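Read left to right, the sequence shown gives residues 34 to 975 (the working numbering). All C-beta atoms, glycine included, are put in the ideal place defined by N, C-alpha and C. Quick caveat: nothing in here was measured; it's all calculated off a predicted structure.
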Amino acid sequence: MRAAERAGPGSDPFDTAGLRAAICESWQVSPTRLLEDCAAESDLVSVGYRDRLFTELAANGADAAAAAGVPGTVAVWVTDRELHIANTGEPLTAAGVRSLTALRVSAKQGVSAERTHDGGEHDGDEHALPVVGRFGVGFTATATVADTVEIRSLSGSVVFDRARTWEQVTAIGADAGLTVARAPLLRLAWPSRERPADGYATEIVLTVRTGIDPGALLDRMVADAPDLLLELTALAEIDIAGTCFVIDRRPHPEEPEVEVATVRVPGGNDRTWLVSRGGSASWLIETGPAHEVVVAAGDVLRAPTPTDIELSLPARCITDLALTPDRRRVHPDADLSGIADGYVALMRALPASGRPLLVPRPGLARNEIDARLTSAVVAAVSEGRWLPTVADGDVAPRRATLFADLTEPLAEALGDLVGGLAAVDISVPYYLPELRAAGITEIGLADIADRLAGVDRPARWWWQLYDALSPLVSGPHEAEALGALPVPRADGRLNFGARGLLLPQVAGIRASWISTPDPGAVHPLLERLGAQVIPTGDLLDLPELRAAVAACADDPEEPGTETLVDEVLGVLTADPDAVAPEWLATLPLPDQDGEWVCADELLLPGSPLAGVLHDDSPFGTVDPEFVAEHGIGTLRRLGAGWGFLIVTDDLPVAADHDLPDEDLWWDGLPEPPQTLRAVRDLDLVDPGRWPQALSLLATDDRTAPLLADRDGYTAWWLRHHARVDGHRLGDYRSPDDPRLAGVLDPLDHPHADLLAPALGGVVESSADARLLLDRLADPERTIDPGVAVRAYGAILAACASGAFAVDDLDVPAGVRRMDGSAGAGAVVLDHPWLLGVLPARQVVLCGLPVDTGAAALLADILDLPVASDRLRADVVGEGAAATWDDAVAVAFAADTGRAPGHGEVRVHDTLRVRLRDTGVEHIVRWWVDERGITHLAAEPSR
34 MRAAERAGPG SDPFDTAGLR AAICESWQVS PTRLLEDCAA ESDLVSVGYR DRLFTELAAN
94 GADAAAAAGV PGTVAVWVTD RELHIANTGE PLTAAGVRSL TALRVSAKQG VSAERTHDGG
154 EHDGDEHALP VVGRFGVGFT ATATVADTVE IRSLSGSVVF DRARTWEQVT AIGADAGLTV
214 ARAPLLRLAW PSRERPADGY ATEIVLTVRT GIDPGALLDR MVADAPDLLL ELTALAEIDI
274 AGTCFVIDRR PHPEEPEVEV ATVRVPGGND RTWLVSRGGS ASWLIETGPA HEVVVAAGDV
334 LRAPTPTDIE LSLPARCITD LALTPDRRRV HPDADLSGIA DGYVALMRAL PASGRPLLVP
394 RPGLARNEID ARLTSAVVAA VSEGRWLPTV ADGDVAPRRA TLFADLTEPL AEALGDLVGG
454 LAAVDISVPY YLPELRAAGI TEIGLADIAD RLAGVDRPAR WWWQLYDALS PLVSGPHEAE
514 ALGALPVPRA DGRLNFGARG LLLPQVAGIR ASWISTPDPG AVHPLLERLG AQVIPTGDLL
574 DLPELRAAVA ACADDPEEPG TETLVDEVLG VLTADPDAVA PEWLATLPLP DQDGEWVCAD
634 ELLLPGSPLA GVLHDDSPFG TVDPEFVAEH GIGTLRRLGA GWGFLIVTDD LPVAADHDLP
694 DEDLWWDGLP EPPQTLRAVR DLDLVDPGRW PQALSLLATD DRTAPLLADR DGYTAWWLRH
754 HARVDGHRLG DYRSPDDPRL AGVLDPLDHP HADLLAPALG GVVESSADAR LLLDRLADPE
814 RTIDPGVAVR AYGAILAACA SGAFAVDDLD VPAGVRRMDG SAGAGAVVLD HPWLLGVLPA
874 RQVVLCGLPV DTGAAALLAD ILDLPVASDR LRADVVGEGA AATWDDAVAV AFAADTGRAP
934 GHGEVRVHDT LRVRLRDTGV EHIVRWWVDE RGITHLAAEP SR
């Protein structure tokens, strides 16, 4: 049975029969009227309300809740092919039914009093719940998905049925030119006895047309629900097939004109909006979990539901402007005055750093309404007090000053000097378009310099100002802008600009031989602004100071000695990184007896160096009270002894630095060093304290880098003269260096890795070569064949370079053979193919790859024959002629890693050679005969 047929006699509370009779009569009188109704509904379905089903039905629910003064709830569910949309609030009225069937007239039209949740009435009160519908055509959206629509309400129920309407049209004979599909759905209503679902005032049931997926409709409704809760303020909850959306509205804690609306979304993805109502619109902005602003992108005007009017504004606008009947466009007579009244309040409710995001950026408007709204908003934000400042609270942008890239330190310095200075959070280049659009006044570095003229502040304040300005000066343009920046001078006057001032490298230095700004104001920025920098090293290396130090060294009792010492130590203390020139170590200091002695002739109390020198070293000790006053660190930098002292010469020309054995080291260099940095006094170390002395060298930041230079004087001297357990350092290797494992013993020292460049491993002299030869000949040592090859190769390389001659070496008692054994009998391999017939226990390798010249030299050193002198063999058979392009030759080259050779090649199925002295034959992989022909085995054994 059709829903329209379920009503019995006398159950027509809305007199649908009378309405049908009147409508049918009008159709009979004027068939054109029927066609107009069909066309009007068709236009609304296909154009006006084609995608607004849930929007319009939710708006009906909101209106019902507003009329009843209760929080509105809308629920949606599907049963079979029926889509149910239920709502709380006021039930269906007779006037509502008349509006539904009239198509063009709304029962809500002309409502002036609006109901609140408590049932009271207000005329234009800001807390009133607005009525959305005005034209009675929004319900046409149901016809986009259904041909049967039933409205079940507590006050009575009606049903619309397209097929039944067609039957009625046919019955009255007004069906000319029509089909059932074109018959209007919402003009004729029939009563129904159905009741709404429990808990709801009204329930709309749509029999979804075949071909339309109810699930897809629900998905679209789920997507629209959060926005509808925001737009339809009478709604508090939307439930779509069990997915429940709830909106929580509460006052903003700091801005009374703004409320915080949180839409509770299933899954915990809640969305929070700030809502400001004023004038003819509400303005909304979404905020993230950390209260960050989420700027609207590509939004549309809402009244309160979405229109087709695109907006470029950063905030969402919900207005009660008059709309066209399809609710997609603003009515031409709509009044936009006052529409931006609540916009500034919305901005004030945001964190200061996010407020400029709500200023519309200049750009091409998307349409006329967008242009008018943007103009109204810009006017409001230009005069509204929302822009946070450093010291003046919130002010209007037209009364504010902006310095882009303002930092907290700069704001602290300038806040009370620059009126209306915009706060740090918004003084960034990113916001410049917005702030310029709002009418703010911009200032630059030159303006700051001008505004500081005549300012009287302590030196520390100036330093803080320079420190704040420093990151902003990235090049000559910025430096020029600050050309008139005031600088306080040490004599109490103010200098306009930094040019012409002398600037110590380290602030706080007081030295009578230069002119400086006030020490408390000295900052690196002044150098970039034109002040001439005097590096600390140059300050200590001035000729005037050097002359004064020399005079004191000649006559330590000079009256000015103590003052000069205090000044120099003050410079060193002020700049911990300053490097004292070597001659400054001749500055006299008081020793333990009260005598003034040059600093480089004294050791500091507790000096580690004193613990490794022999007892009769010539050093004295600095007065302990003087050390306590100035600190060990400062006195060490001056040149007083703590660790080993260093000799430095940037342009050495001869071995004239008073270093022990310096001439021997110098003569052994291939060319003079470009610079010299060397540890002095190494010859004063007690022979029994070298382990401690080496630790001191390795752990001192000044001397440790010198150990890394193997060719430098320090590593050279240690390698040849320092002794541990009776052996030179050059007799040891680093534990981390396996190259000569077994030949050289690893140094047992906690800093052996840092001492590696001062250890053995590189043959530099005949003594080094003799040591390696003796160790290789020692049968008590286990030496891997590869290590032996490497050791013999190092000896050969040194001999070939001229480090020593063969005659400088003694013939060793034995040799290290290829199998790792040590003994007296062997030959030196001079041709690699000879390994095919020679056992490893008879062969000494000169290196890899085998080189005949190197083999001959090693044979001379070891007094051994080369293998080719002792072994003669002939190839058995001629083999097949081939070339190096032959497959066997190519495979041989690839397998052995040898480059393809030149000359004649012969391939043998089995390659045999016969020793001439014994006649014994050997199968070999390859062989080069005395004619230079290369013989290869076709299939060498693996």
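| request: Work out the CA separation of P224 and L13 for me, nearest whole Å. | output: For residue 13 there is no data in the structure shown, the boundaries of the chain being 34 and 975.
For Q201, name the three-state secondary structure that DSSP assigns. The residue labelled residue 201 in the question sits at position 168 within the sequence shown. Q201: helix per DSSP, three-state reduction.
Exercise. Curious, which full-length beta strand (DSSP E) runs of at least 3 residues does the stretch 487 to 532 contain?
Worked result: 519 to 521, 527 to 529
Practice task
Please determine, among D843, D742, L435, A92, the residue with the shortest C-alpha to C-alpha distance to G472.
Solution key: Residue 472 sits at position 439 when you count from the first residue of the sequence shown. Comparing Cα-Cα distances from G472 to each of D843, D742, L435, A92, the minimum goes to L435.
**Message:** Taking the alpha-carbon of A98 as reference, which of V870, D84, V308, N120 has the nearest alpha-carbon?
**Reply:** Numbered from its first residue, the sequence shown carries residue 98 at position 65. The candidate whose alpha carbon is nearest that of A98 is N120.
**Asked** Can you give the Cα-Cα distance for F47 and V130, rounded to whole angstroms?
**Response** Position 14 of the sequence shown, counted from the start, is the residue given in the question as residue 47. Position 97 of the sequence shown, counted from the start, is the residue given in the question as residue 130. Taking the straight line joining both Cα atoms gives about 7 Å.
Problem set entry | Collapsed DSSP secondary structure at A146 in the structure displayed | Here residue 146 corresponds to residue number 113 of the sequence shown, with the count starting at 1. Residue confidence is low: A146 scores 32 on pLDDT, short of 50, so the model does not pin down where it sits. Its coordinate-derived value is still stated next. Three-state DSSP puts A146 in coil, outside helix and strand.
By Cβ distance, which residues of its chain are closer than 7 Å to G321, with the 5 residues on each side in sequence left out?
Numbered from its first residue, the sequence shown carries residue 321 at position 288. Hits under 7 Å: V327.
Any idea if S44 is buried or exposed, counting beta-carbon neighbours within 10 angstroms, 16 or more meaning buried? Along the sequence shown, one-based indexing puts residue 44 at 11. The residue is exposed, with fewer than 16 neighbouring Cβ atoms inside 10 Å.
Worksheet item: Which of the three DSSP states, helix, strand or coil, is assigned to V80?
Response: For the purposes of this step, residue 80 is taken as the residue at position 47 of the sequence shown. Here V80 sits in helix by DSSP.
**Q.** the stretch 208 to 224 contacting the stretch 88 to 108, beta-carbon criterion three pairs below 8 Å
**A.** no
- Determine the burial state of P519: buried for a count of at least 16 other Cβ atoms within 10 Å of its Cβ, exposed for fewer. Stepping through the sequence shown from its first residue, residue 519 is reached at position 486. That one is buried.
Is the separation between the beta-carbon of P724 and that of H782 shorter than 8 Å? Here residue 724 refers to the residue found at position 691 when the sequence shown is read from its first residue. Here residue 782 refers to the residue found at position 749 when the sequence shown is read from its first residue. It is a contact, given that the beta carbons lie within the stated cut-off.
Can you tell me where the beta strand (DSSP E) with N120 in it begins and where it stops?
Taking the sequence shown and counting its residues from 1, one reaches residue 120 at position 87. Per DSSP, N120 belongs to the beta strand (DSSP E) from 115 to 120.
Inset, instruction - Taking 8 Å as the cut-off, decide whether the C-beta atoms of T967 and G930 are in contact. - result: The count along the sequence shown starts at 1 and reaches residue 967 at position 934. The count along the sequence shown starts at 1 and reaches residue 930 at position 897. Not in contact: T967 and G930 (Cβ atoms no closer than 8 Å).
### Query
Do A554 and W495 have their C-beta atoms closer together than 8 Å?
On the sequence shown, residue 554 is found 521 positions in, with the first residue counted as 1. On the sequence shown, residue 495 is found 462 positions in, with the first residue counted as 1. Yes, the pair counts as a contact, with Cβ atoms nearer than the cut-off.
Per-residue DSSP class, three states only, for F677
In the sequence shown, residue 677 corresponds to position 644, counting from 1. Three-state result, F677: coil.
Range covered by the beta strand (DSSP E) that runs through E183:
The sequence position of residue 183 within the sequence shown is 150, counting from 1. Residues 179 to 186.
Exercise for review: Please determine, among E74, W866, G371, G826, the residue with the shortest C-alpha to C-alpha distance to G311.
Suggested key: If you number the sequence shown from 1, residue 311 lands on position 278. The shortest Cα separation from G311 among E74, W866, G371, G826 belongs to G371.
Do you know offhand how far P771's Cα is from R743's? Here the question's residue 771 lines up with position 738 in the sequence shown. Here the question's residue 743 lines up with position 710 in the sequence shown. In a straight line, the C-alpha of P771 is about 18 Å away from that of R743.
Rounded to the nearest angstrom, what separates G775 and A873 at their Cα positions?
For this step, residue 775 is matched to residue 742 along the sequence shown. For this step, residue 873 is matched to residue 840 along the sequence shown. Approximately 19 Å between the Cα atoms of the pair.
For this session: Using a threshold of 8 Å, state whether the C-beta atoms of T235 and I184 are closer than that.
Result: Translated into the one-based positions of the sequence shown, residue 235 becomes position 202. Translated into the one-based positions of the sequence shown, residue 184 becomes position 151. In contact: T235 and I184 (Cβ atoms closer than 8 Å).
**Item:** Residues bridged to I271 [DSSP beta-bridge criterion]
**Value:** Along the sequence shown, one-based indexing puts residue 271 at 238. Answer is V107, F278.
Beta-carbon spacing of A207, W60 below 8 Å
Working through the sequence shown from its first residue, we reach residue 207 at position 174. Working through the sequence shown from its first residue, we reach residue 60 at position 27. Yes, the Cβ-Cβ distance between A207 and W60 is below 8 Å.
Coil, strand or helix - H760 by DSSP
In the sequence shown, residue 760 corresponds to position 727, counting from 1. Note: H760 maps to strand in three-state DSSP.
Alpha carbon to alpha carbon, how far is H364 from I118? Give it in angstroms, no decimals. If you number the sequence shown from 1, residue 118 lands on position 85. If you number the sequence shown from 1, residue 364 lands on position 331. The straight-line gap from Cα to Cα measures roughly 30 Å.
For R282, would you say it is in contact with chain D, using Cβ-to-Cβ distances shorter than 8 Å as the test?
This model lacks chain D altogether, as it is built from one protein chain only.
*State the Cα-Cα distance for the pair P557 and V488, rounded to the nearest angstrom.*
In the sequence shown, counting from the first residue as 1, residue 557 sits at position 524. In the sequence shown, counting from the first residue as 1, residue 488 sits at position 455. Approximately 21 Å between the Cα atoms of the pair.
| field | Presumed contact (8 Å Cβ cut-off) between W110 and A267, rounded CB distance | value | Position 77 of the sequence shown, counting from 1, holds the residue named residue 110. Position 234 of the sequence shown, counting from 1, holds the residue named residue 267. Rounded, the Cβ-Cβ distance is 21 Å, inconsistent with contact.
Practice item. Mind checking which residues open and close the beta strand (DSSP E) that includes H955? Key: Counted from its first residue, the sequence shown places residue 955 at position 922. Its beta strand (DSSP E) spans residues 954 to 956.
Point to revise | For Q565, three-class secondary structure by DSSP | key: Along the sequence shown, read from residue 1 onward, the residue named residue 565 stands at position 532. Here Q565 sits in strand by DSSP.
Check: For the candidate residues A927, R905, V839, whose alpha-carbon lies nearest to that of L891?
Finding: Your numbering for residue 891 matches position 858 in the sequence shown. When only C-alpha atoms are compared, the closest one is V839.
- Throw me the rounded Cβ distance for the R905 and R949 pair, which I believe falls under 8 Å. In the sequence shown, counting from the first residue as 1, residue 905 sits at position 872. In the sequence shown, counting from the first residue as 1, residue 949 sits at position 916. Right, their Cβ atoms sit about 4 Å apart.
task: State the DSSP-derived secondary structure class of Y825, mapped to helix, strand or coil.
output: To locate residue 825, count along the sequence shown from 1; it is residue 792. If DSSP states are grouped into helix, strand and coil, Y825 belongs with the helices.
So what does DSSP say about L443, is it helix, strand or coil? For the purposes of this step, residue 443 is taken as residue 410 along the sequence shown, with counting starting at 1. L443 falls in the helix class under three-state DSSP.
- Message: Please return the same chain residues whose Cβ sits closer than 6 Å to the Cβ of P657, not counting the five positions on each side in sequence.
- Response: As a position in the sequence shown, residue 657 is number 624, starting the count at 1. These residues qualify, in order along the chain: P638.
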